[in-house]
């Protein structure tokens, strides 16, 4: 039996002593009571398996006070050769109890009778509509089922009365979309969902090859109240979405059906027409050619509190000079090593009222980080450093420790793949105690010595050590796209 299969069985066995109620699905269980220790065990397993961040929306709700979760691995659990695929497709959905669900997830690849059972259990609770049309075995069998017109008709008929409850739509067609066109009945269904005023969140993944995404998006009455748009590895044409609160774009294709490159102006217009944005996350969208790329003209984002730029060196240089976000509190910046050096003054355009800063994969930019920390970040409470080892293999230089001393409110330090020097970490914590600016928590996401942990504990620091998986190959291990966790 593979190690991944053993891990899945271990997770299932861990849940066995917990009180749960079957949901009419042999691969689902409703967990009434899940103590924190067990929840930590589950989350550690999920982290080690590199679960995509968007798959953990239920965990966020649980952490914000929901007393229970639903653990539902996919239906194809019996295929041992697909253990890794299965382990990456867990879903956690928070709920209060079986009769008062906050949300119910409906998978479009489920048989109609199962869909009907799920729809009948939650009254008028909001629906999350998820559709994964992956091409890897054994999921091909699911795709083949769509050819049964009678099943599709029954499925749609079951769902039509509930469209007014759909608040979340997620479509993932895998890296190699199925060559067959979408059945008309499903195309029409998605068009109706797009027009629903209740739809607040939309997630497209690997959806660009299908004309349907363009057909939906150019419809004048599509997405009237959309608040969240996440588009990964797709080629969706942008449109004005004035009520958008959260925007996530990643791996945007550089080719379109008309043969033209994606327009830099289109992206700028989308940002400029969404003044109510609260969160912006942009990942690896530098396929835009330099031609015509100038500094953006953006509105003042009064509500923007989170900005994440991941692997977007060109975009960073064009957005930051135009960014006016007086209430920005969290900034995450991640460059790939091949993207070269960051100018020492590049970060200085950010607001000074940041409370949380994450810097990742900036292997040659200690001077830039030090300059930013000494620029007056008086409100900074949390600093997260990832993959920050330099040519000497040591993160905590004396200069960096001195720069942190300018951040009087700094209380939380999160380190991952930083190859920390034990003496310098302890030295920094000790100095902050002496300066009456003590650290409260330090989180290491790599194995560290018990000597360091004990020394920090003696200084009154709460220490957490989390191993993030076997893909950590020492201080100079390579960081892959799958490791990205904003």
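Numbering (the working numbering), first residue to last: 43 to 528. Quick reminder that beta carbons are idealized off the backbone N, C-alpha and C, glycines included.
Using the C-alpha atoms, what's the distance from residue 168 back to residue 292?
-> As a working note, residue 292 is residue 250 in the chain shown. As a working note, residue 168 is residue 126 in the chain shown. Roughly 27 angstroms separates the two Cα atoms.
Could you work out which residue in 213, 212, 235 and 229 is closest to residue 203 when comparing CA atoms only?
-> By one-based count along the chain shown, residue 203 stands at place 161. For the options 213, 212, 235 and 229, the alpha carbon positioned closest to that of residue 203 is the one of 235.
Limits of the beta strand (DSSP E) - the one that residue 425 falls within | Working through the chain shown from its first residue, we reach residue 425 at position 383. Residues 424-428.
When the Cα atoms are used, what is the spatial distance from residue 494 to residue 467?
-> Locating residue 494 in the chain shown gives position 452, counting from the first residue. Locating residue 467 in the chain shown gives position 425, counting from the first residue. A direct Cα-to-Cα measurement between residue 494 and residue 467 gives close to 8 angstroms.
From 490, 285 and 374, pick the residue whose C-alpha is nearest to that of residue 267; which is it?
-> Position 225 of the chain shown, counted from the first residue, corresponds to residue 267. The candidate whose alpha carbon is nearest that of residue 267 is 285.
Any idea which residues DSSP pairs residue 373 with across the strands?
-> Working through the chain shown from its first residue, we reach residue 373 at position 331. Within the DSSP bridge table, the entry for residue 373 names 349 and 399 as partners.
Apply the 10 Å Cβ neighbour rule to residue 474 and answer buried if 16 or more other Cβ atoms are within range, or exposed otherwise.
-> The sequence position of residue 474 within the chain shown is 432, counting from 1. With 16 or more other Cβ atoms within 10 Å, it is buried.
Would you kindly report the start and end of the unbroken beta strand (DSSP E) that includes residue 274?
-> Against the chain shown, residue 274 aligns to sequence position 232. Here the beta strand (DSSP E) through residue 274 covers 270-274.
For residue 212, which three-state DSSP category applies?
-> Taking the chain shown and counting its residues from 1, the one referred to as residue 212 is at position 170. Judged by DSSP in its simplified three-state form, residue 212 adopts strand.
In whole angstroms, what is the alpha-carbon distance linking residue 504 and residue 498?
-> What you label residue 504 is simply residue 462 of the chain shown in a count that begins at 1. What you label residue 498 is simply residue 456 of the chain shown in a count that begins at 1. Computed Cα separation, rounded: 8 angstroms.
Which residues in the same chain as residue 366 place their Cβ atom closer than 8 angstroms to its Cβ, once the five residues preceding and following it in sequence are excluded?
-> Working through the chain shown from its first residue, we reach residue 366 at position 324. 340, 341, 342 and 343.
Alpha-carbon to alpha-carbon, residue 420 and residue 478 | Start at 1 with the first residue of the chain shown, and residue 478 comes out as number 436. Start at 1 with the first residue of the chain shown, and residue 420 comes out as number 378. Taking the straight line from one Cα to the other gives about 15 angstroms.
Paired residues, beta bridge with residue 486 - DSSP = Here residue 486 refers to the residue found at position 444 of the chain shown. Answer by DSSP bridge pairing, in chain order: 457 and 507.
Would the beta-carbon of residue 319 fall within 8 angstroms of that of residue 345?
-> Sequence index remark: in the chain shown, residue 319 carries index 277 (1-based). Sequence index remark: in the chain shown, residue 345 carries index 303 (1-based). It is a contact, given that the beta carbons lie within the stated cut-off.
Report the option in 418, 508, 426 and 364 whose CA atom is closest to the CA atom of residue 372.
-> Mapped onto the chain shown, residue 372 falls at position 330. Residue 426 holds the alpha-carbon nearest to the alpha-carbon of residue 372 among 418, 508, 426 and 364.
How long is the line joining the alpha carbons of residue 312 and residue 369, rounded to whole angstroms?
-> Here residue 312 corresponds to residue number 270 of the chain shown, with the count starting at 1. Here residue 369 corresponds to residue number 327 of the chain shown, with the count starting at 1. Taking the straight line joining both Cα atoms gives about 20 angstroms.
Proximity to residue 501 [Cα-Cα], best of 317, 472, 508 and 206 = One-based indexing of the chain shown puts residue 501 at position 459. Closest in C-alpha terms to residue 501, from the list 317, 472, 508 and 206, comes 472.
For residue 285, does the three-state DSSP call read helix, strand or coil?
-> For the purposes of this step, residue 285 is identified with residue 243 of the chain shown, where counting begins at 1. If DSSP states are grouped into helix, strand and coil, residue 285 belongs with coil.
On the premise that residue 244 lies in contact with residue 271, defined as a C-beta separation below 8 angstroms, what is that separation, rounded to the nearest angstrom?
-> Along the chain shown, one-based indexing puts residue 271 at 229. Along the chain shown, one-based indexing puts residue 244 at 202. Their Cβ separation, rounded to whole angstroms, is 5 angstroms, which keeps residue 271 and residue 244 in contact under 8 angstroms.
Residue 289 to residue 496, Cα distance in whole Å?
-> Start at 1 with the first residue of the chain shown, and residue 289 comes out as number 247. Start at 1 with the first residue of the chain shown, and residue 496 comes out as number 454. Going by the C-alpha atoms only, they are around 42 angstroms apart.
Cβ-Cβ distance between residue 443 and residue 469 below 8 angstroms | For the purposes of this step, residue 443 is identified with residue 401 of the chain shown, where counting begins at 1. For the purposes of this step, residue 469 is identified with residue 427 of the chain shown, where counting begins at 1. In this structure, the beta-carbon distance from residue 443 to residue 469 falls below 8 angstroms.
Pull up the CB-CB distance for residue 238 and residue 205, whole angstroms please, since I reckon it's below 8 angstroms.
-> Numbered from its first residue, the chain shown carries residue 238 at position 196. Numbered from its first residue, the chain shown carries residue 205 at position 163. Their Cβ separation, rounded to whole angstroms, is 6 angstroms, which keeps residue 238 and residue 205 in contact under 8 angstroms.
Cβ shell of residue 415 (< 7 angstroms), same chain only, five flanking positions each side left out = On the chain shown, residue 415 is found 373 positions in, with the first residue counted as 1. By the criterion of a C-beta distance shorter than 7 angstroms, residue 415 is surrounded in its chain by 445, 446, 448 and 449, once the five residues flanking it on both sides are discounted.
Compare the C-alpha of residue 485 against each of 491, 323, 457 and 417 and name the closest.
-> As a first step, residue 485 is located in the chain shown; it is residue number 443 there, counting from the start. For residue 485, the closest C-alpha among the options 491, 323, 457 and 417 is that of 457.
Can the beta-carbon of residue 397 be found less than 8 angstroms from the beta-carbon of residue 375?
-> Locating residue 397 in the chain shown gives position 355, where the first residue counts as 1. Locating residue 375 in the chain shown gives position 333, where the first residue counts as 1. A distance of 8 angstroms or more separates the beta carbons of residue 397 and residue 375.
Where DSSP assigns a beta bridge to residue 415, which residues make up the other side?
-> Here residue 415 is taken as the residue at index 373 of the chain shown, counted from 1. Answer is none; residue 415 lacks a bridge partner.
Taking all protein chains shown into account, do 16 or more other C-beta atoms lie within 10 angstroms of the C-beta of residue 105, making it buried, or fewer, making it exposed?
-> Taking the first residue of the chain shown as position 1, residue 105 is located at position 63. The predicted position of residue 105 is uncertain, since its pLDDT is 36 and thus under 50; a value taken from the coordinates is nonetheless stated next. With fewer than 16 Cβ atoms within 10 Å of its Cβ, residue 105 is classed as exposed.
Alpha-carbon to alpha-carbon, residue 196 and residue 395 | Here the question's residue 395 lines up with position 353 in the chain shown. Here the question's residue 196 lines up with position 154 in the chain shown. Roughly 54 angstroms separates the two Cα atoms.
Should residue 476 be labelled buried (16 or more other beta-carbon atoms within 10 Å of its own) or exposed?
-> As a working mapping, residue 476 is identified with position 434 in the chain shown. It is exposed - the Cβ of residue 476 has fewer than 16 other Cβ atoms within 10 Å.
Out of 392, 481, 310 and 465, point me to the one whose CA is closest to residue 492's CA.
-> Along the chain shown, read from residue 1 onward, the residue named residue 492 stands at position 450. Among 392, 481, 310 and 465, the Cα nearest to that of residue 492 belongs to 465.
Compare the beta carbon distance of residue 392 and residue 352 with 8 angstroms and say whether it is the shorter of the two.
-> Taking the first residue of the chain shown as 1, we reach residue 392 at position 350. Taking the first residue of the chain shown as 1, we reach residue 352 at position 310. For the pair residue 392 and residue 352, the CB atoms are not nearer than the 8 angstroms cut-off.
Check residue 379 in the structure and name its three-state DSSP category.
-> Translated into positions along the chain shown, residue 379 becomes position 337. Per-residue confidence for residue 379 stands at a pLDDT of 46, beneath the threshold of 50, marking its modelled position as unreliable; the derived number appears in the next sentence. Correct three-state label for residue 379: helix.
How big is the Cα-Cα spacing for residue 490 and residue 309?
-> By 1-based counting over the chain shown, the position of residue 490 is 448. By 1-based counting over the chain shown, the position of residue 309 is 267. Distance between the alpha carbons of residue 490 and residue 309: 43 angstroms.
Report yes if the C-beta distance between residue 428 and residue 453 is below 8 angstroms; otherwise report no.
-> Here residue 428 refers to the residue found at position 386 of the chain shown. Here residue 453 refers to the residue found at position 411 of the chain shown. No.
Residue nearest to residue 213 in terms of C-alpha spacing, selected from 265, 274, 240 and 264 | Sequence index remark: in the chain shown, residue 213 carries index 171 (1-based). Of the residues 265, 274, 240 and 264, the one whose Cα lies closest to the Cα of residue 213 is 274.
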